[in-house]
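Asker: Structure incoming, see below.
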Amino acid sequence: MIYFAYGSNMDLDQMKVRCPGSSVIGIVELKHYAMAFTRWSRSWKSGTADILPERGKSVYGVLFDLSFEDLKKSDKFADYPNSYIRKDVGVFFEGETLPALTYVARRQGVYKPSKSYMGKMLHGAEQNNLPEEYITFLKSIKTHV
């Protein structure tokens, strides 16, 4: 299963714990979507990442190859289908559009992410060499303590 991670699952250390059989395919762009934080997480005590359709915007992330077993583990961590639902998207990779599965939130409102949550996202973005301008954008997101 090809999985597009755009939130804390971009962090390779976190993915190795959550989905030990996963492997990185590469960095990708999801065009005409924007980053948002629309779901409150009790475990993070903050808003968590979501994507919303928005023409002209892009969300960058990491494409992973997951086994069926790892997909089930990922579902558990995403609290699928209660907090997040699966969505099929087309991501731009090496000049072509590839089908991928991702999660979108069952939206509750707009929340600030915590510093620790954004730290995971930024660590993953830097580990995977996402575009510098996108990393700068992630660093600009306002957090709460």
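Residue numbers for the sequence shown follow my numbering, so the first one is 42 and each next one is one higher.
Even glycine gets a Cβ: it sits at the ideal position worked out from N, Cα and C.
Counting C-beta neighbours from all protein chains within 10 Å, is the total for Val-186 16 or more, i.e. buried, or is it exposed?
Answerer: Translated into positions along the sequence shown, residue 186 becomes position 145. That one is exposed.
Asker: Please state whether the Cβ-Cβ distance between Phe-133 and Val-69 is less than 8 Å.
Answerer: Translated into the one-based positions of the sequence shown, residue 133 becomes position 92. Translated into the one-based positions of the sequence shown, residue 69 becomes position 28. Closer than 8 Å, so yes.
Asker: Taking the runs of the beta strand (DSSP E) that are 3 residues or longer, which of them lie wholly in the segment 71-138?
Answerer: 87-106 and 125-134
Asker: Could you check whether Gln-149 and Trp-85 sit closer than 8 Å to each other, using their CB atoms as the reference points?
Answerer: Here residue 85 refers to the residue found at position 44 when the sequence shown is read from its first residue. Here residue 149 refers to the residue found at position 108 when the sequence shown is read from its first residue. Against a cut-off of 8 Å, the Cβ pair of Gln-149 and Trp-85 comes out as no contact.
Asker: Per DSSP, what kind of secondary structure is Ser-181 in: helix, strand or coil?
Answerer: Residue mapping note: residue 181 aligns to position 140 of the sequence shown, counting from 1. Note: Ser-181 maps to helix in three-state DSSP.
Asker: Would you please state the rounded distance, in angstroms, between the beta carbons of Met-51 and Met-159? I believe it to be under 8 Å.
Answerer: Translated into the one-based positions of the sequence shown, residue 51 becomes position 10. Translated into the one-based positions of the sequence shown, residue 159 becomes position 118. 12 Å between Cβ atoms; not a contact.
Asker: Helix, strand or coil for Gly-62, going by three-state DSSP, please let me know.
Answerer: In the sequence shown, counting from the first residue as 1, residue 62 sits at position 21. Three-state DSSP puts Gly-62 in coil, outside helix and strand.
Asker: Going by the DSSP bridge assignment, what does Leu-142 pair with across the sheet?
Answerer: Reading the sequence shown from its first residue, position 101 is the one you call residue 142. Bridge partners of Leu-142: Tyr-44 and Asp-129.
Asker: Taking 8 Å as the threshold (C-beta atoms), are Leu-112 and Gly-67 in contact?
Answerer: In the sequence shown, the residue the question calls residue 67 occupies position 26. In the sequence shown, the residue the question calls residue 112 occupies position 71. For Gly-67 and Leu-112, no; Cβs fall outside 8 Å.
Asker: At the level of alpha carbons, what is the spacing between Arg-127 and Ala-119?
Answerer: Sequence index remark: in the sequence shown, residue 127 carries index 86 (1-based). Sequence index remark: in the sequence shown, residue 119 carries index 78 (1-based). Distance between the alpha carbons of Arg-127 and Ala-119 is about 10 Å.
Asker: Check Gly-67 in the structure and name its three-state DSSP category.
Answerer: Residue 67 sits at position 26 when you count from the first residue of the sequence shown. Strand, per DSSP.
Asker: What residues are listed by DSSP as bridge partners for Ser-155?
Answerer: For this step, residue 155 is matched to residue 114 along the sequence shown. According to DSSP, which records beta bridges pairwise, Ser-155 is partnered with His-185.
Asker: Thinking Ser-124 and Arg-147 are a contact (beta carbons under 8 Å), I'd like their distance in whole angstroms, please.
Answerer: In the sequence shown, the residue the question calls residue 124 occupies position 83. In the sequence shown, the residue the question calls residue 147 occupies position 106. About 6 Å separates the two Cβ atoms, so the contact holds.
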